[in-house]
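**Student:** Got a structure for you, questions after.
Numbering (the numbering used here), first residue to last: 5 to 757.
Next comes the structure, spelled out in structure tokens:
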């Protein structure tokens, strides 16, 4: 028998074994389901908090342990650590059917090792690195007994007033979809059930990022076409990547709370998309439908959520107290309860918990991952990739390591835990583990360099009492580095801000230091785009340093002194003022578009500021310079071009767009080459630009490379007014460049005749 036949037989055999394994799990689930009482089934749909860190009001329940022993609980959250999870799992093993608990946790950007906040990681545009970040987080938390992370958050967000922008990937559905898939695959590893993998949870389903006014938990009102075009694609990408679970969002969507939105849960997720995992509510969101005015009480809330397709109730107690009665009264079909429990049990079997409930409680693995040096190195590399260079006039950066005197000024220079950002874990030894900017710089400079320090002000201070000391330090320095921004608890859940300016008197401190005339670098720590117009216009060098995690100071020092050349690009547009929000690159044109910033009469424009953002989507500088040639398009067809364009695309064909990029500076560097397309005429109005591809290219000083993108008709699809996902013939513009604003332009035609 030749090797080709043997290979085919092995493939077929492997497929049959995989299919048999699936059937075996399904059969096991059914066998458990048949043994369960109705009360035990409802118990599996019930999740409690562990009485520690919480994102909502904690219900103190002295009977939790007895409920676990009676099989009245399917999952717990905010419970970690080998000893603690083992203790609770042992209680579950005392229940009649010994169904294991699932332990869930908000592992958003790291566990023991804290990585940059997700929005900062998105600025890297490095999909592989983002996936690796999730992989490390999964290894660390799985070793501590966690089975399930409530991440990734894949909500598209165009409003930086919303505090939870820090959890996501920004404003673009294409970039957001790639990042969603990478994070799911990183968390879940090679196979659910591996002891270094955790179940991912795509959240918040759906459209939570479009909360009106940027106010957390607020209503969302949008067309279904916008929902499908912009807000659902990252969820579909997460599902296609294998996401084990989904989480409801808090908001109502067009008047229906997402927790009881049957269109979203049964129509889209479990129906059209055929999702096989289970759906968990957000914290208390089942019961919060009472406040929405959608239901009268928890009894009605349980009914509405269960019928709509919410499989597990996080912390509201609506299911555990009402669902058994609802089934017995015939108001919720038993088949819906069985379906929900079947989904939950399936994941417990896939995680291997029925075979060994304690397989994630392993002291040796926990010790191996604790302060793992490889994990810390990976976190530092991710932090470096996340820092955005916004401005570098007169080449103030990088700073020489032999500079005689450097003044470090600002409220974050010696900060420790602020570097972690929101959704991070505090450990007793943080002060010795987390690298501050002061510590990072001190390690980097030469022995002959003197460091001066003055905080200048606190984060939210109204007092200028510290200005004099800061100005004196600045005057005695050769170079000044300032670090300003938001405290770690100023962005995140329930952290919406009506003003997103630099808090307190920080920008006034910048003005005072700038007035010394010394070379100045301003670094901005934040979990969202902030407004800092005076600084942007007057300070020569600006780095956006977000919240970078455990190794923040080392990564910052590498960038400040040129050991790492910044390469990040913004995943969100930065507004000029709050009155401009929402501002995003992929907007529509209007019937009266402004021709330029001075064109303000009877056109769609502000009379007091430009329409475009302060810093556009995709923007980011380097210590070197990149130049782009004109775009060269391969001809996929001929003829029919009213505008004289000869490049024609037809169904089944493709066009290749090629550009030559040259590193025209003196430093080696990496550029993110971005491809945008505009559909000039459509059956519905189309955006002025849409990101359709990007490539990261490393170039040595003086080096040139060709970069090519292939465009097919499928790249031109959109949802029409009937929600059909189609492409239409017509004229298209194509743009390639280093941001959504700085691009080269070409054109082609799509023909279907």
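Just so it is clear, CB atoms sit at the ideal spot from N, CA and C, and this is done for glycine as well.
1. Which ranges would you report for the beta strand (DSSP E) in the stretch 277-357 if only whole runs of at least 3 residues count?
2. Let me check understanding here. Comparing Cα to Cα, which of 734, 41 and 391 lies closest to residue 549?
3. Pick from 482, 430 and 189: whose alpha carbon is nearest that of residue 412?
4. Examine the ligand ZN and report whether any of its heavy atoms sits within less than 6 Å of the Cβ of residue 205.
5. Mind checking residue 195: buried by the 16 CB within 10 Å criterion, or exposed?
6. For residue 644, which residues in the same chain have their Cβ closer than 7 Å to its Cβ, ignoring the five residues on either side in sequence?
7. So the candidates are 465, 503 and 414; which of them puts its Cα closest to the Cα of residue 442?
8. Does DSSP put residue 697 in a helix, a strand or coil?
9. Have a look at residue 298 and residue 715 and give me their C-alpha separation to the nearest angstrom.
10. Could you tell me which whole beta strand (DSSP E) segments of length 3 or greater appear in the stretch 453-528?
11. Strictly by DSSP, which residues pair up with residue 152?
12. Check whether the stretch 281-291 touches the stretch 304-316, taking contact to mean three or more Cβ pairs, one atom from each stretch, closer than 8 Å.
13. For residue 743, I'd like the list of residues in its chain whose CB is within less than 6 Å of its CB, leaving aside the five on either flank, ordered along the chain.
14. How long is the line joining the alpha carbons of residue 502 and residue 168, rounded to whole angstroms?
15. Within the continuous alpha helix (DSSP H) that includes residue 537, where are the two ends?
16. Classify residue 749: buried if its beta carbon has 16 or more other beta carbons within 10 angstroms, exposed otherwise.
17. Within this structure, are the beta carbons of residue 504 and residue 535 separated by less than 7 Å?
18. Looking only at its chain, what residues have a beta carbon closer than 7 Å to the beta carbon of residue 58, apart from the 5 residues adjacent to it on each side?
19. Does the distance from the CB of residue 43 to the CB of residue 339 come in under 7 Å?
20. Between residue 558 and residue 700, which are expected to be in contact by the criterion C-beta below 8 Å, what is the C-beta distance as a whole number of angstroms?
21. Below 8 Å, can you find three or more Cβ-Cβ pairs linking the stretch 223-231 to the stretch 172-180?
22. Ignore the nearest five residues each way along the sequence and tell me which others in residue 572's own chain have a CB closer than 7 Å to its CB.
23. Classify residue 613 as helix, strand or coil using the three-state DSSP reduction.
24. Helix, strand or coil for residue 749, going by three-state DSSP, please let me know.
25. Given residue 360, which residues of its chain have a CB within under 6 Å of its CB, disregarding the five upstream and five downstream residues?
26. How many Å lie between residue 646 and residue 130 at the Cα?
27. Where does residue 741 sit, in a helix, a strand or coil, going by DSSP?
28. Ordered along the chain, which non-local residues of its own chain (more than five positions away) have a Cβ less than 6 Å from that of residue 712?
29. With distances taken from CA atoms, which of 496, 109, 189 and 211 is nearest residue 137?
30. Leaving out five residues before and five after residue 693 in sequence, what residues of the same chain have Cβ atoms less than 7 Å from its Cβ?
31. How is residue 770 classed by DSSP in three states: helix, strand or coil?
32. Could you pull the DSSP bridge partners for residue 712 from this structure?
33. Quick check: residue 779 and residue 545, are their CB atoms within less than 7 Å of each other?
34. Out of 747, 737 and 732, which has the shortest C-alpha to C-alpha gap to residue 757?
35. For residue 759, which of 445, 382, 183 and 375 has the nearest alpha-carbon?
36. Which word fits residue 181, buried or exposed, when buried means at least 16 other C-beta atoms lie within 10 angstroms of its C-beta?
**Tutor:** Looking at the atomic coordinates:
1. 282-284
2. 391
3. 482
4. Because no ligand of any kind appears in the structure shown, any question about the ligand ZN cannot be addressed here.
5. So residue 195 counts as exposed.
6. With a pLDDT of 39 at residue 644, under the threshold of 50, the predicted position of this residue should be treated as unreliable, though the coordinate-derived value follows. Excluding residues within five positions, the ones whose Cβ falls inside 7 Å are 652, 753 and 755.
7. 414
8. strand
9. 46 Å
10. 454-458 and 483-489
11. 108 and 203
12. Verdict: yes, contact present.
13. 620, 622 and 623
14. 14 Å
15. From DSSP, the alpha helix (DSSP H) with residue 537 extends over 537-542.
16. exposed
17. For the 7 Å CB-CB criterion, residue 504 and residue 535 form a contact.
18. Because the pLDDT at residue 58 is just 47, under 50, the model does not fix this residue reliably, and the point stays unresolved.
19. no
20. Not quite, the Cβ-Cβ distance comes to about 22 Å (not below 8 Å), so this is no contact.
21. Flag = no, the stretch 223-231 and the stretch 172-180 do not touch.
22. Shown here for residue 572: same chain residues with a beta carbon closer than 7 Å to its own, the five before and five after excluded, namely 127, 128, 389, 390, 391, 392 and 624 in chain order.
23. coil
24. strand
25. none
26. Summary for residue 646: the model assigns pLDDT 42, below 50, so the residue's position carries little reliability; its value from the coordinates is reported in the next sentence. One C-alpha to the other measures close to 40 Å.
27. strand
28. Once the five neighbours on either side are set aside, the close Cβ partners of residue 712 are 660 and 662.
29. 189
30. 589, 590, 680, 682, 739 and 744
31. Because the chain in this structure spans residues 5 to 757, residue 770 falls outside the shown range and cannot be described.
32. 662
33. Look at the range of the chain in this structure, 5 to 757, and you will see that residue 779 is not part of it.
34. 732
35. Because the chain in this structure spans residues 5 to 757, residue 759 falls outside the shown range and cannot be described.
36. Under a 10 Å Cβ-count criterion, residue 181 is classified as buried, with 16 or more other Cβ atoms of the shown protein chains found around its own Cβ.
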